[in-house]
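Trainee:
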Amino acid sequence: MLRISYRLHFSYDYMTTWLSSSGWLPLLSGIMAFLVMCWSIRLCPFTKVEESFYIQAAHDFLYTTFDGSWDHIEFPGVVPRSFAGPAVLSTLVAPAVYFYEYWLGGCSENTCPFQTKAHAQYLVRMTQAVVFLACNRFYARALWKYTTESPTRTLFIYELLSYSSFHIIFYGGRLLSNTFSLSGCLVGYGLWLRGQKRKALFLLGLTAAILRMDTLLVLAVFFSPKVFWVSKKTRLFLLTELFLIIAVVSSFDGYVWRANTLVIAELESMKYNVFEGKATLWGTLPFYWYFAIALPKIFTAKLPLMAYAFFKEPCFRKNTIRAIVFVILYSFLPHKELRFIFPVIPIFHAHIALAISKYANQRNKRVSFLCAFIILISVFHTVTAHIISSNNYPGGEFMTNFVLKSELSPNQEPRLIHYNCPRLKVLLDVYPCMTGITRFLELRQPNDIVFVKRRECQSIAEAVRAFLPNRFTHLLIETPTLPASSEMVFEDQKFQFDQAFECFDHVDWRKIRAVNRPVAALYGNSL
Numbered sequence: 066m067l068r069i070s071y072r073l074h075f076s077y078d079y080m081t082t083w084l085s086s087s088g089w090l091p092l093l094s095g096i097m098a099f100l101v102m103c104w105s106i107r108l109c110p111f112t113k114v115e116e117s118f119y120i121q122a123a124h125d126f127l128y129t130t131f132d133g134s135w136d137h138i139e140f141p142g143v144v145p146r147s148f149a150g151p152a153v154l155s156t157l158v159a160p161a162v163y164f165y166e167y168w169l170g171g172c173s174e175n176t177c178p179f180q181t182k183a184h185a186q187y188l189v190r191m192t193q194a195v196v197f198l199a200c201n202r203f204y205a206r207a208l209w210k211y212t213t214e215s216p217t218r219t220l221f222i223y224e225l226l227s228y229s230s231f232h233i234i235f236y237g238g239r240l241l242s243n244t245f246s247l248s249g250c251l252v253g254y255g256l257w258l259r260g261q262k263r264k265a266l267f268l269l270g271l272t273a274a275i276l277r278m279d280t281l282l283v284l285a286v287f288f289s290p291k292v293f294w295v296s297k298k299t300r301l302f303l304l305t306e307l308f309l310i311i312a313v314v315s316s317f318d319g320y321v322w323r324a325n326t327l328v329i330a331e332l333e334s335m336k337y338n339v340f341e342g343k344a345t346l347w348g349t350l351p352f353y354w355y356f357a358i359a360l361p362k363i364f365t366a367k368l369p370l371m372a373y374a375f376f377k378e379p380c381f382r383k384n385t386i387r388a389i390v391f392v393i394l395y396s397f398l399p400h401k402e403l404r405f406i407f408p409v410i411p412i413f414h415a416h417i418a419l420a421i422s423k424y425a426n427q428r429n430k431r432v433s434f435l436c437a438f439i440i441l442i443s444v445f446h447t448v449t450a451h452i453i454s455s456n457n458y459p460g461g462e463f464m465t466n467f468v469l470k471s472e473l474s475p476n477q478e479p480r481l482i483h484y485n486c487p488r489l490k491v492l493l494d495v496y497p498c499m500t501g502i503t504r505f506l507e508l509r510q511p512n513d514i515v516f517v518k519r520r521e522c523q524s525i526a527e528a529v530r531a532f533l534p535n536r537f538t539h540l541l542i543e544t545p546t547l548p549a550s551s552e553m554v555f556e557d558q559k560f561q562f563d564q565a566f567e568c569f570d571h572v573d574w575r576k577i578r579a580v581n582r583p584v585a586a587l588y589g590n591s592l
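First residue of the sequence shown: 66, per the numbering used here; consecutive thereafter.
See the structure below:
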C-alpha cells in the first residue's frame, strides 16, 4: 500500500510539474472552461425576465431594421437601459450568424431552411461566454505577481474554482448588465494588478457610467484611496475621456430609444431604484441575507477554503477584506439579489487559489486532496443545479415545442391540433413571457404564427376582447395548479385544455428527486 501511495504521489507531482513547465496547463484550463460554458448554454438555453431587454435588443440589432418594430418600443419597461452592451455583442456575433446561415445553412435573400432563429440565440450567448472567459483569463494571469513558484498552477486552480461554481457558469453566458459589469471589473482588476492604474480607473469608470452604476461602489471600496496617487493632470484627462464616451453612448441610446434628448440609462436607473426607493417593489430582504444566504449559496463547499485562505495567505488578505466591506455596504440596500455581489466573487476565488497553490508547492498532500474533494462536491452541486434549473423555463419549452409542431408547408395545415386556420394566433400570458420566450424563437415568417403578449394591466378576458374581431387560436396562460376544467370560455369563444407546462418546485428527499409543479397551461380554440 505504501508503494502504491508513493507511486500515486510521484505520478501526480510529475504530471502537474510537467504540465506547469510545458505551458499546457493554461491551454487545458481554457478548453475546459469553454466546454463547460457550452454545456451550460446547451442545457439551459432559454432566458429569464432579467435578460429580456438585452436578448431582445440583440435580436433586433441582428434581424430588425431601425424602422421596424423593435421590442423596446412596444415594451419599454419602467426605466431605459443602455444599448451599448447588446450593440457591441451583436457586432461581434454578426459574422458568425451570417456564416452559419448563409454558408452552412444555405440561406438566401428569399428563402432560408431555418424555421426559427434559435441558433442565433445560441451564438449570441456563446459569444457572451467567450468574452467573459477572456476577461476572466486576463484577471487570472494578473495574479501571477503574487506567486513566483508556479504561476500556471495558480491560474489553473483559480479557473477550476471559478468553473466549478454554478453561478459563474450559469450567468457567464447570459446577457445581463451584471455579467457585462463583471467582465469590465475583471479587466479592471487585471489592469490594476499589472500596474496600469490609469487604464483600470478609466475602464471601471466607464463600466459604472454605461453598464452598472453600482460599479462606483467597487471604485469606492477598492480604489478610492489610490485615486489620489494619480496626478492631477491624469485625473483631468480621465474625466475628459469618460465625459466624451458617455456623451457618445448617451446620444446613441437616445437615437435608438427614439428620444429627443440624451438618454443616460444608468442615471435613470439609479434615480428610480435607489433615490426614489422603487427597487423595494421587487421585494426586500434582511441586512444579513448576503452573508447568511447568498455567499453560502455561491461558494457552497468552498466556504472552509475561504476561511483557510484568509488566515493562511496574507498577501491577498487586504483585497478580501475590501470585498467583505463591499458586501456590507451593499447590505444596507433593502432590495437584494445574488447577482448584485458578483464583482467580489473573483476576489474570493483568487485568494483561495493563491493559498492552495502555495501549500501544493510545499507538498502538503492533505491540503491538496482536501481541496480536490471540495471541488468535486462543488462540481456535483453545479451539475445538479443546472439540471434543476433547466426545468424552470416553461415559456421557452412552449415556444420550441409549439413552433416545431406547427410548422407550415405550402400544402399542409398546421399540425399542432386539428385547426383549419391559415394562421395561428397565440395569446401569451405574462409569466410565460418571463420564462424563456424571445423573438429568436419565433418563426421567420411572422404571418404563420402571430404572438400577442398580454400586458400586466389586462386580464385574460380583456386581452381576448381587445383582439376582436380577430380570434385567438391558442391561449398560453399562467396557472398555479392543474386546470379545474378542461375548457375556458371568453367572449363566446371556447378554449379546450391541451397541455400543461411545469417548473421546479422542491426536492423530495425521501425519494431523492426533483418535484415539479404546473405553472402554465395551453388552451386551443375549439370554435
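Each residue gets a CB set at the ideal place from its N, CA and C atoms; glycine is no exception.
If you follow the beta strand (DSSP E) that Phe569 is in, where does it begin and where does it stop?
Mentor: Stepping through the sequence shown from its first residue, residue 569 is reached at position 504. From DSSP, the beta strand (DSSP E) with Phe569 extends over 558-573.
Trainee: Looking at the structure shown, is Ala324 part of a helix, part of a strand, or coil, going by DSSP?
Mentor: Start at 1 with the first residue of the sequence shown, and residue 324 comes out as number 259. In this structure, Ala324 counts as coil in the three-state DSSP scheme.
Trainee: If you draw a straight line from the alpha carbon of Tyr163 to that of Thr181, how long is it in whole angstroms?
Mentor: Walking along the sequence shown from the start, residue 163 turns up at place 98. Walking along the sequence shown from the start, residue 181 turns up at place 116. Approximately 15 Å between the Cα atoms of the pair.
Trainee: Return the CA-CA distance between Pro351 and Leu394, expressed in angstroms with no decimal places.
Mentor: As a first step, residue 351 must be located in the sequence shown, where it is residue number 286. As a first step, residue 394 must be located in the sequence shown, where it is residue number 329. Each residue's Cα considered, the two are about 13 Å apart.
Trainee: What three-state label does DSSP hand Arg259 in the structure shown?
Mentor: Working through the sequence shown from its first residue, we reach residue 259 at position 194. Correct three-state label for Arg259: coil.
Trainee: On the criterion of 16 or more Cβ atoms from any shown chain inside 10 Å, does Ile138 qualify as buried, or is it exposed?
Mentor: For this step, residue 138 is matched to residue 73 along the sequence shown. Per the 10 Å Cβ criterion, exposed.
Trainee: Just tell me which of Leu226, Lys430, Lys377, Phe267 has its CA closest to the CA of Lys367.
Mentor: If you number the sequence shown from 1, residue 367 lands on position 302. Among Leu226, Lys430, Lys377, Phe267, the Cα nearest to that of Lys367 belongs to Leu226.
Trainee: Which residues in the same chain as Glu600 place their Cβ atom closer than 6 Å to its Cβ, once the five residues preceding and following it in sequence are excluded?
Mentor: Not covered by the structure: residue 600. The range shown for the chain is 66 to 592.
Trainee: Does the separation of the CB atoms of Asp132 and Asp125 fall below 8 Å?
Mentor: Locating residue 132 in the sequence shown gives position 67, counting from the first residue. Locating residue 125 in the sequence shown gives position 60, counting from the first residue. Their beta carbons are not under 8 Å apart, which means Asp132 does not touch Asp125 by this criterion.
Trainee: Compare the beta carbon distance of Leu268 and Leu256 with 8 Å and say whether it is the shorter of the two.
Mentor: Along the sequence shown, read from residue 1 onward, the residue named residue 268 stands at position 203. Along the sequence shown, read from residue 1 onward, the residue named residue 256 stands at position 191. In contact: Leu268 and Leu256 (Cβ atoms closer than 8 Å).
Trainee: Between Ser147, Ala98, Arg504, Thr538, which has its C-alpha nearest Ser316's C-alpha?
Mentor: Start at 1 with the first residue of the sequence shown, and residue 316 comes out as number 251. The shortest Cα separation from Ser316 among Ser147, Ala98, Arg504, Thr538 belongs to Ser147.
Trainee: So the candidates are Ser443, Ile329, Phe308; which of them puts its Cα closest to the Cα of Asp318?
Mentor: The residue labelled residue 318 in the question sits at position 253 within the sequence shown. Of the listed residues, the one whose Cα sits closest to Asp318 is Ile329.
Trainee: DSSP on Ser591, reduced to helix/strand/coil?
Mentor: Here residue 591 corresponds to residue number 526 of the sequence shown, with the count starting at 1. It is coil, neither helix nor strand.
Trainee: Which class does Val678 belong to by DSSP, given the choice of helix, strand or coil?
Mentor: This structure leaves residue 678 out entirely; the chain is present only between 66 and 592.
Trainee: Determine the burial state of Ile96: buried for a count of at least 16 other Cβ atoms within 10 Å of its Cβ, exposed for fewer.
Mentor: Numbered from its first residue, the sequence shown carries residue 96 at position 31. Exposed: under 16 other Cβ atoms inside 10 Å.
Trainee: In this structure, how does DSSP classify Glu472 when only helix, strand and coil are distinguished?
Mentor: Residue mapping note: residue 472 aligns to position 407 of the sequence shown, counting from 1. Because the pLDDT of Glu472 is 49, which lies under 50, any placement of that residue in the model is unreliable, and the number read from its coordinates should be weighed accordingly. Of the three classes helix, strand and coil, the one that applies to Glu472 here is coil, per DSSP.
Trainee: Could you check how far apart the C-beta atoms of Phe560 and Ser591 are, in whole angstroms? I think they sit under 8 Å.
Mentor: Taking the first residue of the sequence shown as position 1, residue 560 is located at position 495. Taking the first residue of the sequence shown as position 1, residue 591 is located at position 526. The Cβ separation is near 7 Å, so the contact holds.
Trainee: Assess, as a yes-or-no matter, whether the region 338-358 is touched by the region 301-308 under the definition of 3 or more beta carbon pairs within less than 8 Å.
Mentor: Contact between the region 301-308 and the region 338-358 is absent, because fewer than three Cβ pairs lie under 8 Å.
Trainee: Is the beta carbon of Glu462 sitting closer than 8 Å to the one on Ala420?
Mentor: Mapped onto the sequence shown, residue 462 falls at position 397. Mapped onto the sequence shown, residue 420 falls at position 355. No; because the gap between Cβ atoms is not below 8 Å, this pair is not in contact.
Trainee: Would you report the Cα separation of Cys200 and Cys498, rounded to the nearest angstrom?
Mentor: Taking the first residue of the sequence shown as position 1, residue 200 is located at position 135. Taking the first residue of the sequence shown as position 1, residue 498 is located at position 433. For Cys200 and Cys498, the distance between alpha carbons rounds to 31 Å.
Trainee: Rounded to the nearest angstrom, what separates Phe140 and His184 at their Cα positions?
Mentor: Position 75 of the sequence shown, counted from the first residue, corresponds to residue 140. Position 119 of the sequence shown, counted from the first residue, corresponds to residue 184. Taking the straight line joining both Cα atoms gives about 24 Å.
Trainee: Can you give me the C-alpha to C-alpha distance between Thr112 and Tyr119, rounded to a whole angstrom?
Mentor: Taking the sequence shown and counting its residues from 1, one reaches residue 112 at position 47. Taking the sequence shown and counting its residues from 1, one reaches residue 119 at position 54. Going by the C-alpha atoms only, they are around 10 Å apart.
Trainee: Put Ile410 into one of helix, strand or coil per three-state DSSP.
Mentor: Position 345 of the sequence shown holds residue 410. In this structure, Ile410 counts as helix in the three-state DSSP scheme.
Trainee: According to DSSP, which residues form a beta bridge with Asn581?
Mentor: Position 516 of the sequence shown, counting from 1, holds the residue named residue 581. Bridge partners of Asn581: Phe569.
Trainee: According to the neighbour-count rule (16 or more other Cβ atoms, all chains shown, within 10 Å of its Cβ), is Pro47 buried or exposed?
Mentor: In the structure as shown, the chain starts at 66 and stops at 592, and residue 47 therefore has no counterpart that could be examined.
Trainee: Should Leu100 go down as buried or exposed, given a rule of 16 or more other Cβ atoms within 10 Å for buried?
Mentor: Here residue 100 corresponds to residue number 35 of the sequence shown, with the count starting at 1. Flag for Leu100 reads exposed.
Trainee: Does His571 pass the burial test, meaning 16 or more other C-beta atoms within 10 Å, or should it be called exposed?
Mentor: On the sequence shown, residue 571 is found 506 positions in, with the first residue counted as 1. Result: exposed.
Trainee: With DSSP collapsed to three states, give me the class of Lys490.
Mentor: Position 425 of the sequence shown, counting from 1, holds the residue named residue 490. Three-state result, Lys490: strand.
Trainee: Assign Pro216 to buried or exposed, taking buried as 16 or more other Cβ atoms, counted over all protein chains shown, within 10 Å of its Cβ.
Mentor: Counting from 1 along the sequence shown, the entry for residue 216 is found at position 151. Counting Cβ neighbours within 10 Å, Pro216 comes out buried, since at least 16 surround it.
Trainee: What runs of the alpha helix (DSSP H), each 4 residues or longer, lie entirely inside the region 299-344?
Mentor: DSSP runs (the alpha helix (DSSP H)) wholly in the region 299-344: 330-335.
Trainee: Please classify Ser87: does DSSP put it in a helix, a strand, or coil?
Mentor: On the sequence shown, position 22 is the one that residue 87 refers to. A caution first: Ser87 carries a pLDDT of 49, below 50, which makes its placement in the model unreliable, though a value can still be read off. DSSP places Ser87 in helix when its eight states are reduced to three.
Trainee: Judging by CA-CA distance, which residue of Glu527, Ala528, Phe566 is the nearest neighbour of Asn545?
Mentor: Residue mapping note: residue 545 aligns to position 480 of the sequence shown, counting from 1. For the sequence presented, residue 545 should be read as Pro rather than Asn. Out of Glu527, Ala528, Phe566, Phe566 has the C-alpha closest to the C-alpha of Pro545.
Trainee: Would you mind reading off the limits of the beta strand (DSSP E) that contains Glu543?
Mentor: For the purposes of this step, residue 543 is taken as the residue at position 478 of the sequence shown. Unbroken beta strand (DSSP E) run through Glu543: 539-543.
Trainee: In whole angstroms, give me the CA-to-CA distance for Ala274 and Arg300.
Mentor: Here the question's residue 274 lines up with position 209 in the sequence shown. Here the question's residue 300 lines up with position 235 in the sequence shown. Cα to Cα, Ala274 sits roughly 16 Å from Arg300.
Trainee: Roughly how many angstroms lie between the CA atoms of Ser134 and Leu90, to the nearest whole one?
Mentor: Against the sequence shown, residue 134 aligns to sequence position 69. Against the sequence shown, residue 90 aligns to sequence position 25. Rounded to whole angstroms, Ser134 to Leu90 spans 48 Å at the Cα level.
Trainee: Along the chain, which unbroken stretches of the alpha helix (DSSP H) at least 4 residues long are found entirely within the region 196-250?
Mentor: You should have 216-227, 231-237.
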